[in-house]
Amino acid sequence: PLSRPAKTLSYRCCPVTEQTVPFHLDRTMMLIGIILSLSAHKIVGSPLTQISSRDDVTQSICTTPECIKAAAYILKSVNSSADPCQDFYSFVCGKFIENTIIPDHKPEFNQFIKITDKINKELKMVLEEPIQKNEIKPFKFAKTMYQSCMNTEKLEAIGNANMLQLIGAIGGWPVLNKEEDQMAYWNNPNFSWIDLEQDLKKFGLKLSTILSLTLKGSHDNSSIRVITIDQPELGIIREHLVKGFEHNEVQIYYNYMVSLATALGADLDKAKSEMKEVMEFEIQLANISLPLEERRLVPALIGPISHLEKQLPVLPWMPYLSGVLGPDIKIDHNQTVIVRSIHYTVKLSELLKTVKPRTVANFMIFKGVSSLTRYMTKDIRDIRNKFTADYYDLESTLPPWEDCMSMMTNNVPLILGALYVRHFFSHHGKEEAQNIVESIVSQFNKGLDEIDWMDEETKIKAKQKANNTLTFIGYPDELLNDTVLAEYYENLKFDEDEYLRNMINLNLFNTKREFQSLQYSVKRDDWVTRGNTANANAFYNYRKVVIEFSAGIFQEMYFDLNRPKYLNYGGIGYVVGHEFSHGFDDTGRRINYNGSIFNWWNNKTEEKFISKAKCFIDQYSDIEVPEIGSKINGINSQGEVIADVGGLSNAYRAYKRWESENGKEDLLPGLTYDQNQLFWINYGIAGCEKYRLKGLKEKVLSSFHPPQRYRINGAVKNNKYFSEDFKCPPGSPM
């Protein structure tokens, strides 16, 4: 669907005058990519893509297996009949879009998904192996869980009795009751959703059904964990729910509610009636929730519980917090709490006075049961998978092995990370990756020196933050240590014959460890938070001022130790630059070098930054995605697109510095592109993506990341070096 013509970006955020060549920027605007990075992860070239250096000078060709492979994937992706100066995305991803068939069970397909599928297939082979007596407990547990998930015969034999027993232990799910029980907890005049939330936690079901409770770094000292209260995650995105009960996606969600209740024994008419009330309650929760764009600068209430009880007396705070945290976590009225969404919390208190306790109980138990559906019988799993397929308009449901791998990824990422780095990860590229990181940080600091709109004091503080940023590449060494892993999972209980019980025990184990962390300071280099490495991704942690690159991303088009640097800088180099730039984006600029929320900018410099950032907001807000008739939300996407522009600029400058010190590298066989062009091409190919219509719609409505067409075109459009390297004529869109 993305291959159809799309509206190009109508203007650049680096304006030019009539006397200048379009997008040959002055120094200040060129470096908005660096500091608005201070806004923070046989082809024959057309005449426009042929560079004189390739024609006039004989250059060596790289014929290693790695270079041949790189040339091959470029051949498979690039549409040489498209003009990169008109629409770079169509040029670099044209064949990818034309030839890629999205798997029937996926809403989209891209390079990250391709690598993740490869990683999952590799781990699948390990998890299918017989359990060995000498294996450590975590590996035995992982194999037990995966093999239990795949053993459908055993699951069918057990049935859903354990789930129904669990529901009964909590006090019941109102919709399942055949006859009204006046003694049921939801008929108690003193019914409390807080008591029910505590019961859900005690029995290992989903928490944060009505109010979110997490632990985060304190605003003024990021090394201290504090309790954070916020609006909860809803069953489907807010943007659908606020459209009302008859909205298509809401109806799909409602049908899922009804199907799940009836599959566990509810009468159909009763389920339709009561789940409609539940659906209307969740719609009301959506309406009192704030949209993403309004949450960016929303004021929070911060202080001890005693202060909270006076300033926001809408909930019995001490009973709620101590009850959910549990008896093992001791807190008093001096415990610091952050309420991120004051608006939601106040409105929730008002709403709960108008909703029947039975409806609230039905809603909360539905959330708890829904979180465990993949651990029940095939008919229940089919209901959940059908909901996903209908929601995204998929042609089939998830294959069982992928469903089980998804369960493993969500629940035991440390164990999967340990298995992956031991069996499949090449450890030789970490030094080269670290060199790339250091070169990009160096270019960032050099760029700061060249900016004329930033005052010297702010520059010094920006460099301080840049140099204090920690980078973790691949995996923590603890994943290779049997003793450390075994000790971490020492208190996890599991039984080979009890799949659902094992998952509940795992939920209890993970929740307990999370809440226990309230008693300990935040460590920037905590290995547990860095252990989720069996995926293709990178992360920037604003409060820790830390960048993490998972082991899984160091492959394919992103990185190969034995291929030219221009490909690696266009691949993993861009990712490094992007994530690093988040430290100075619209969110990162409000956080200082040690992770505390503090405005360290000079007022005049901040005003200039906001003005420049607004250009990106306006530019992307003006883009309409023709397939769905909706515009990109420039406010929500500003952090990502600024990091794209800044990260790409820094990666390119870092490569050119490396080239100036080491000389030009060999070119790729069968291609007519020079080293600079291949940097841009590899950057573009790594971002190629194809969506189903509903997947695209979901992305535009709810993601901070715009669709890839607009990210890639926007990043090169706002970059002087691209237009120079492709010799784009004056007036070209790119």
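Convert by adding 536 to the 1-based position in the sequence shown; the result is the number in the numbering used here.
Each residue gets a CB set at the ideal place from its N, CA and C atoms; glycine is no exception.
At least three beta-carbon pairs within less than 8 Å, the region 1243-1262 to the region 604-616
Contact fails: fewer than three Cβ-Cβ distances are below 8 Å.
Could you tell me the boundaries of the alpha helix (DSSP H) in which residue 844 lies?
Against the sequence shown, residue 844 aligns to sequence position 308. 841-847 is the span of the alpha helix (DSSP H), which, as asked, contains residue 844.
What's the call for residue 1336, buried or exposed, on a 16-neighbour Cβ count within 10 Å?
In this structure the chain extends from 537 to 1270, so residue 1336 is not present and cannot be described.
For residue 1074, which beta-bridge partners are listed by DSSP?
On the sequence shown, residue 1074 is found 538 positions in, with the first residue counted as 1. DSSP output for residue 1074 lists 1085 as bridge partner(s).
Taking 8 Å as the cut-off, decide whether the C-beta atoms of residue 1145 and residue 1125 are in contact.
As a working mapping, residue 1145 is identified with position 609 in the sequence shown. As a working mapping, residue 1125 is identified with position 589 in the sequence shown. Note that the C-beta distance between residue 1145 and residue 1125 is below 8 Å.
Consult DSSP for residue 945 and reduce its assignment to one of helix, strand or coil.
For the purposes of this step, residue 945 is taken as residue 409 along the sequence shown, with counting starting at 1. It is helical.
Within 10 Å of its beta-carbon, does residue 1110 have 16 or more other beta-carbons around it, so buried, or fewer, so exposed?
On the sequence shown, residue 1110 is found 574 positions in, with the first residue counted as 1. With 16 or more other CB atoms across the displayed protein chains lying within 10 angstroms of its CB, residue 1110 is buried.
Going by DSSP, which residues form a beta bridge with residue 1007?
In the sequence shown, the residue the question calls residue 1007 occupies position 471. 1083, per the DSSP bridge assignment.
Going by beta carbon distance, what residues of the same chain come within less than 8 Å of residue 649, once the five residues before and after it are set aside?
Residue numbering aside, residue 649 sits at position 113 when the sequence shown is read from its first letter. The residues are 642.
I'd like the span of the alpha helix (DSSP H) that includes residue 1247, first residue to last.
Taking the sequence shown and counting its residues from 1, one reaches residue 1247 at position 711. Note, residue 1247: alpha helix (DSSP H), 1244-1253.
Test item: CB-CB of residue 739 and residue 712 under 8 Å
As a working mapping, residue 739 is identified with position 203 in the sequence shown. As a working mapping, residue 712 is identified with position 176 in the sequence shown. The answer is no: Cβ separation not under 8 Å.
By alpha-carbon positions, which one of 893, 906, 895, 705 ends up nearest to residue 793?
Within the sequence shown, numbered from 1, the residue matching residue 793 stands at position 257. Among 893, 906, 895, 705, the Cα nearest to that of residue 793 is on 906.
Assigned exposure category for residue 1022 - 16 Cβ within 10 Å defines buried:
For this step, residue 1022 is matched to residue 486 along the sequence shown. Classification for residue 1022: exposed.
Looking only at DSSP bridge pairs, what is residue 766 linked to?
Position 230 of the sequence shown, counted from the first residue, corresponds to residue 766. Residue 766 is bridged to 748.
Classify residue 736 as buried or exposed, calling it buried when 16 or more other Cβ atoms lie within 10 Å of its own Cβ.
Within the sequence shown, the letter at position 200 stands for residue 736. Result: buried.
Using three-state DSSP, classify residue 857 as helix, strand or coil.
The residue given as residue 857 occupies position 321 in the sequence shown. Helix at residue 857.
Rounded separation between residue 646 and residue 1223 - CA only:
The residue given as residue 646 occupies position 110 in the sequence shown. The residue given as residue 1223 occupies position 687 in the sequence shown. Cα to Cα, residue 646 sits roughly 7 Å from residue 1223.
Put residue 1203 into one of helix, strand or coil per three-state DSSP.
One-based indexing of the sequence shown puts residue 1203 at position 667. Residue 1203 falls in the strand class under three-state DSSP.
Give me, in chain order, the residues of the same chain whose beta-carbon lies closer than 7 Å to that of residue 1101; leave out the 5 immediate sequence neighbours on both sides.
Taking the first residue of the sequence shown as position 1, residue 1101 is located at position 565. Within the same chain, 1191, 1194, 1201 come within 7 Å of residue 1101 by CB-CB distance, once the 5 residues on both sides are set aside.
Within the same chain, show all residues whose beta-carbon is closer than 7 Å to that of residue 727, passing over the 5 residues directly before and after it, in chain order.
Start at 1 with the first residue of the sequence shown, and residue 727 comes out as number 191. Counting only Cβ-Cβ distances below 7 Å, and skipping sequence neighbours, we find 721, 893.
Between which residues of its own chain and residue 1085 is the CB-CB distance below 6 Å, once the five residues before and five after are set aside?
Working through the sequence shown from its first residue, we reach residue 1085 at position 549. Around residue 1085: 1009, 1074.
For residue 623, count neighbouring C-beta atoms within 10 Å of its own C-beta (all shown protein chains included) and say buried if the count is 16 or more, exposed if not.
Here the question's residue 623 lines up with position 87 in the sequence shown. In summary, residue 623 is buried, with 16 or more beta-carbon neighbours lying within 10 Å of its beta-carbon over all protein chains present.
Specify the secondary structure class of residue 987 as computed by DSSP and reduced to three states.
Stepping through the sequence shown from its first residue, residue 987 is reached at position 451. In the structure shown, residue 987 sits in coil (DSSP, three-state: anything other than H, G, I, E or B).
Assign residue 574 to one of two classes, buried (16 or more other C-beta atoms within 10 Å of its C-beta) or exposed (fewer than that).
What you label residue 574 is simply residue 38 of the sequence shown in a count that begins at 1. Residue placement at residue 574 is poorly supported in this model, since its pLDDT is 35, which falls under 50; the coordinates still yield a value, given next. With at least 16 other beta carbons inside 10 angstroms of its own, residue 574 counts as buried.
Classification of residue 705 by the beta-carbon crowding that lies within 10 angstroms, buried from 16 upward
Position 169 of the sequence shown, counted from the start, is the residue given in the question as residue 705. With fewer than 16 neighbouring CB atoms inside 10 Å of its own CB, residue 705 falls in the exposed class.
Given a cut-off of 8 Å, decide if residue 1180 and residue 1170 are closer than it, judged by their beta-carbon atoms.
For this step, residue 1170 is matched to residue 634 along the sequence shown. For this step, residue 1180 is matched to residue 644 along the sequence shown. Against a cut-off of 8 Å, the Cβ pair of residue 1180 and residue 1170 comes out as no contact.
From the DSSP output, in three-state form, read off residue 800 for me.
Here residue 800 refers to the residue found at position 264 when the sequence shown is read from its first residue. Reduced to three states, the DSSP call for residue 800 is coil.
Please determine, among 822, 801, 779, 838, the residue with the shortest C-alpha to C-alpha distance to residue 762.
Locating residue 762 in the sequence shown gives position 226, where the first residue counts as 1. Residue 838 is the option with its Cα nearest to residue 762.
Can you tell me where the alpha helix (DSSP H) with residue 1123 in it begins and where it stops?
Start at 1 with the first residue of the sequence shown, and residue 1123 comes out as number 587. Here residue 1123 belongs to no alpha helix (DSSP H), and DSSP marks it neither H nor E.
Rounded straight-line distance, which links the Cα of residue 673 to that of residue 949
Indexing the sequence shown from 1 puts residue 949 at position 413. Indexing the sequence shown from 1 puts residue 673 at position 137. One C-alpha to the other measures close to 15 Å.
Mind checking which residues open and close the alpha helix (DSSP H) that includes residue 881?
Within the sequence shown, numbered from 1, the residue matching residue 881 stands at position 345. Counting along the chain, the alpha helix (DSSP H) containing residue 881 begins and ends at 878-888.
Quick check on the burial criterion: 16 or more other C-beta atoms within 10 angstroms. Buried or exposed for residue 1259?
The residue labelled residue 1259 in the question sits at position 723 within the sequence shown. Residue 1259 should be labelled buried.
Helix, strand or coil for residue 646 per DSSP?
In the sequence shown, the residue the question calls residue 646 occupies position 110. Here residue 646 sits in strand by DSSP.
Close beta carbons around residue 791, own chain, < 8 Å, minus the five adjacent residues each side
On the sequence shown, position 255 is the one that residue 791 refers to. 923, 926.
Give the single residue among 758, 877, 941, 953 whose Cα lies nearest to the Cα of residue 1128.
Numbered from 1 along the sequence shown, position 592 holds the residue referred to as residue 1128. Nearest of 758, 877, 941, 953 to residue 1128, Cα basis: 758.
Distance check for residue 1216 and residue 1087, CA to CA, integer angstroms please.
Counting from 1 along the sequence shown, the entry for residue 1087 is found at position 551. Counting from 1 along the sequence shown, the entry for residue 1216 is found at position 680. Those two C-alpha atoms are separated by around 24 Å.
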